[in-house]
Amino acid sequence: MPVKAGYYTPMLHVAEIEESIRFYELLGFTTIDTDGCRPLGWARLHCDDGSAVMFLRAEHAIDSSAQAFMFYMYTPDLAELREHLVGSGVKVSQIGYPEYMPSGTLNLADPDGYKIEIAHWGKPEQDAWQNRLKSRARGLS
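Here's what the structure looks like:
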């Protein structure tokens, strides 16, 4: 078996790590490690599902529009998460129902302008996805 990399963790340059921590805590992340400096120079956050993100204090102004990526997340209750975010003062789109995710999505940006899309993904979506994978596997045999 070849050697492989793992524990994929996006690292974002951010203006204020402390502000980013507060924002990502609203999405369910917990700070697990920092450099301990004041102000923080870096921090690592984890989520119960195994997701992770790291922040590195930017030395220059952040231009999030120059970033060619978007973070995509899932939640089992999109409407409840939206209410939580709006109640916490976060600007969040209405829930949309695009063809690629008919169970619903919403969009928002973090404090540095990095784009995030969150999709509803509950048991029905998980079951349908697993059945689709099983059907494809049978077709390959």
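Here this note's numbering is used: the first residue of the sequence shown is 1, the next is one more, and so on.
The beta-carbon is built from N, C-alpha and C at its ideal position, and this holds for glycine as well.
Rounded to whole angstroms, the separation of the alpha carbons of residue 1 and residue 83 is 46 Å. When C-alpha distances from residue 66 are compared across 4, 34, 113, 139, the shortest belongs to 113. Following the DSSP letters along the chain, one finds residue 128 inside the alpha helix (DSSP H) bounded by residues 123 to 140. Fewer than three beta-carbon pairs drawn from the segment 52 to 67 and the segment 98 to 108 are found closer than 8 Å, and the two stretches are therefore not classed as touching. Collapsing the DSSP output to three states places residue 21 in a helix. Using a C-beta cut-off of 8 Å, the segment 10 to 23 makes contact with the segment 32 to 41, since at least three inter-stretch Cβ pairs fall below that distance. Note: residue 106 is bridge-paired with 118 in the DSSP secondary-structure output. DSSP, read as helix, strand or coil, puts residue 87 in helix.
Between the alpha carbons of residue 139 and residue 125 lies a gap of roughly 21 Å.
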